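For the working numbering, add 16 to where a residue sits in the sequence shown, where the first one is 1. Beta carbons: idealized from backbone N, C-alpha and C, even for Gly. In this text, all values refer to a predicted model and were calculated from it rather than measured experimentally. Here the structure is laid out as structure tokens; the discussion comes afterwards.
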Amino acid sequence: MSASSSSGRAVAEALLALGGNVGDSRVLLDRAVAMLCDGNDIVLRARSSDYRTPPWGDENQPPFINLAIAVETALTPHALLERAQAVERAFGRDRAHERRWGPRTVDVDIIAYDDVTLALPDLKLPHPLLFERAFVLLPLAEIVPDRMISGRRIRDAVAQVDAAGIQRLPHRQGSQIAS
Ligand code: A4P
Ligand code: MG
């Protein structure tokens with residue numbers, strides 16, 4: 017069941033994973049978090065460190081910077097996805113000229129939205145590749161180690177994934193940290 021915000025609106029907890037490997041990714045991702053978490057419809061509750069991660073899926077590209085955030089939101093899952101995609105567009109993502117799993121400025125995936133399950137073409141929840149991706153699990157384990165998703169605890173899932181080559185980066189001066 018959803019909790020209520022101080023204004024009385026029902027709020028959900030959502031977990032989001034962000035990544036990018038084009039441009040100054042740490043700066044761009046910081047700005048993307050700030051744009052996404054407007055403090056009104058989407059409130060930032062926790063933000064992981066940045067991680068430098070080897071490219072997954074399509075290995076012929078530069079390393080990524082990845083991070084995870086936990087937010088509270090009064091938006092529906094689809095409204096949250098629209099907001100995430102608006103942020104991707106604002107940072108210059110052009111889906112028409114990208115290859116699957118290829119380089120991108122800012123990618124925002126919704127990993128979980130409360131315990132909602134959806135299997136629609138445009139929105140699958142929880143994210144179906146979550147447990148295969150160390151670049152998602154390591155940042156998540158930093159902020160919500162005890163969160164259960166699909167019956168698995170994040171801290172247990174992270175212990176079972178290959179995290180070779182992933183590097184947790186020290187905080188940058190001036191970056192936005194909520195955790
Ligand atoms: N979509 C469905 N469910 C969701 C969800 N839960 N959250 C749909 C977000 N989007 C969801 O996404 C394709 C479509 O998925 C969207 O239109 C949305 O409606 P996309 O971002 O264009 O990604 P894609 O490249 O077509 O495929 P995919 O599988 O979504 O790629 P990802 O997950 O974006 O992966 N390696 C490292 N180390 N770090 C990375 O961050 N990222 C990718 C891209 C590849 N390798 C990486 C990383
Ligand atoms: Mg994506």
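Assuming residue i is part of the alpha helix (DSSP H), what are its boundary residues?
i	result
Asp172	Ile170 to Ala175
Asn47	Checking the sequence, you will find Arg at residue 47 rather than Asn. Unbroken alpha helix (DSSP H) run through Arg47: Ser41 to Leu52.
Determine the contact status of residue i and residue j, defining contact as a CB-CB distance below 8 Å.
i	j	result
Ile170	Ala157	yes
Ile85	Arg68	no
Pro119	Gln183	no
Ala30	Val87	yes
Leu185	Asp110	no
Leu44	Val122	yes
Out of the options, point me to the one whose CA is closest to residue i's CA.
i	options	result
Leu32	Leu96, Val174, Arg105 and Asp40	Leu96
Leu139	Val160, Ala100 and Gly36	Ala100
Arg115	Ala128, Gly73, Ala26 and Leu154	Gly73
In the DSSP output, which residue or residues are listed as bridge partners for residue i?
i	result
Ala62	Ala86
Gln101	According to DSSP, which records beta bridges pairwise, Gln101 is partnered with nothing at all.
Using only the alpha-carbon positions, how far apart do residue i and residue j sit?
i	j	result
Ala135	Asp178	27 Å
Asp54	Thr92	16 Å
Leu141	Gln189	34 Å
Ser195	Ser64	Residue confidence is low: Ser195 scores 42 on pLDDT, short of 50, so the model does not pin down where it sits. Its coordinate-derived value is still stated next. In a straight line, the C-alpha of Ser195 is about 7 Å away from that of Ser64.
Arg47	Glu148	27 Å
Pro71	Pro79	5 Å
His113	Asn37	15 Å
Val13	Arg42	For residue 13 there is no data in the structure shown, the boundaries of the chain being 17 and 195.
Ala26	Asp57	11 Å
Pro137	His187	36 Å
In the DSSP assignment, find the unbroken beta strand (DSSP E) run with residue i in it and report its ends.
i	result
Leu141	Leu139 to Leu141
Glu148	From DSSP, Glu148 is part of no beta strand (DSSP E); its letter is neither H nor E.
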